[in-house]
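Chemist: If you read the protein sequences in the order shown, they are chains H and L. The end of the first sequence is residue 384 by the numbering used here, with every number in the run present. The end of the second sequence is residue 166 by the numbering used here, with every number in the run present. Glycine included, every Cβ here is placed at the ideal spot set by N, Cα and C. The model shown is predicted, which means the values in this text are computed figures rather than measured ones.
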Amino acid sequence: MSAERSIEVGDELPPVTAESNLVTSVLYAGASGDMNPLHYDPDFAAQVSPTGGVIAHGMYSMGLASRMLTAFAGGPERVLEVDVRFTRPWPLGTTSTFTGTVTAIEDGVASVSLVGTNESGERILRGTARVRL
Amino acid sequence: MALNREKVGTTYPAYTYEVSREKIREYATALGETDPRYFSDGDDCVAPPTFAACFTITKGNAAAFADPELGAHHGVVHGSQRYTFGDRALRPGDVLTCTPRITDISARGANEFLAIEVTCEDADGHHLVTALSTIVLLGSAAPAAEDAAGGPDEEVAS
């Protein structure tokens, strides 16, 4: 992020919205190496899924929240920490939106709150991050 | 079967992971990233922050899940994740030494929570990223094992 740009507490990050579906889930499984069939196999998901159906990787949602964060911060090298909790499953075939708000600025480091919200307005992810300005 | 809590503090043997340009591209594509540096053929190529998932989630947990003394099963979901980074992004050619350690085991309701930290350094011993994963083992808790109260936002997810 350029030094000329002034960041203030309360600023909202440009949000990221994405759908999860079988293609995004298989792409993420292959890219990350997390082949848990919960994320693409309906029969397996029926046995163990909290929803009874196939759900997105938690890391896919964290990755999207981090995409928002790096776009705001100006690159991955500015991200010092990302810490999230996966609070609800994200069923395939649904859309979620990731938002962030600057909560504090100290010594050139901004603290950001992160929220992922599903189509019903429920939170699927919440967390915090610290980025170097 | 419940996890063996005596395994808290156990460090498993380190493994190595070599960061490659093509894997960074593949990962960035899966997230719909557009930063040209993730797709660069040049020296400016870097990895997105959560690229670390490629070598800290499944690989980081593998030793613990293979440890018969721990007693983990594979009906799992991911409860929470933290990444703490060093002073630069990962880049192609980095050869990381990654050391997993069990930092906590707890139970809530029918589920158990296994916390695994993976510390990753480059070939010069320079810290690049530390991952802290909480993996939820569905239905593995002993009936009376509940030892942590969760609020409505603390429930099991993905």
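Output the distance between the C-alpha atoms of Arg33(L) and Tyr25(L), rounded to the nearest integer angstrom.
Modeler: 16 Å
Chemist: For Thr289(H), which residues in chain L fall below 9 Å Cβ to Cβ?
Modeler: Note on residue identity: the sequence assigns Leu, not Thr, to residue 289(H). In chain order: Gly83, Val84, Val85 and Ser166.
Chemist: Beta-carbon within less than 6 Å of Glu263(H)'s beta-carbon, same chain only, minus the 5 sequence neighbours each way: which residues are those?
Modeler: Thr352
Chemist: Answer with yes or no whether the minimum CB distance from Phe93(L) to chain H is below 9 Å.
Modeler: yes
Chemist: Taking only the alpha-carbon atoms, compute the straight-line gap between Ser271(H) and Glu41(L) and give it to the nearest angstrom.
Modeler: 15 Å
Chemist: If you measure from the beta carbon of Ala269(H) to each beta carbon in chain L, is any gap under 9 Å?
Modeler: It does: the Cβ of Ala269(H) has a partner Cβ on chain L nearer than 9 Å.
Chemist: Is Ile32(L) helix, strand or coil when you go by DSSP?
Modeler: helix
Chemist: Relative to the alpha-carbon of Ser312(H), which residue among Asp294(H), Val260(H), Ala280(H) and Glu357(H) has its alpha-carbon at the smallest distance?
Modeler: For the residues Asp294(H), Val260(H), Ala280(H) and Glu357(H), the minimum Cα distance to Ser312(H) belongs to Ala280(H).
Chemist: Against chain H, which members of the stretch 105-132 of chain L pass a CB distance test of less than 7 Å?
Modeler: none
Chemist: Between which residues of its own chain and Val267(H) is the CB-CB distance below 6 Å, once the five residues before and five after are set aside?
Modeler: Leu315, Arg318, Met319 and Phe349
Chemist: Could you pull the DSSP bridge partners for Phe337(H) from this structure?
Modeler: Leu376(H)
Chemist: Mind checking who Asn119(L) pairs with in its DSSP beta bridge?
Modeler: Bridge partners of Asn119(L): Arg116(L).
Chemist: Hey, out of Ala74(L), Leu104(L), Thr37(L) and Ser48(L), whose CA is closest to Asp130(L)'s CA?
Modeler: Leu104(L)
Chemist: Here's the rule I'm using: 16 or more other beta-carbon atoms within 10 Å means buried, otherwise exposed. How should Val85(L) be labelled?
Modeler: buried
Chemist: Quick check on Gly325(H): does DSSP put it in helix, strand or coil?
Modeler: coil
Chemist: In the structure shown, what three-state DSSP assignment does Thr18(L) receive?
Modeler: coil
Chemist: Should Val382(H) and Arg90(L) be called a contact, given that it needs their Cβ atoms to be closer than 9 Å?
Modeler: no
Chemist: Could you tell me which of Phe59(L), Ser28(L), Thr37(L) and Thr66(L) sits nearest to Gly50(L), measuring between CA atoms?
Modeler: Ser28(L)
Chemist: Since Lys3(L) and Tyr20(L) are thought to touch, with beta carbons under 8 Å apart, how far apart are those beta carbons, to the nearest angstrom?
Modeler: The displayed coordinates of chain L run from 9 to 166. Any statement about residue 3(L) would go beyond what the structure contains.
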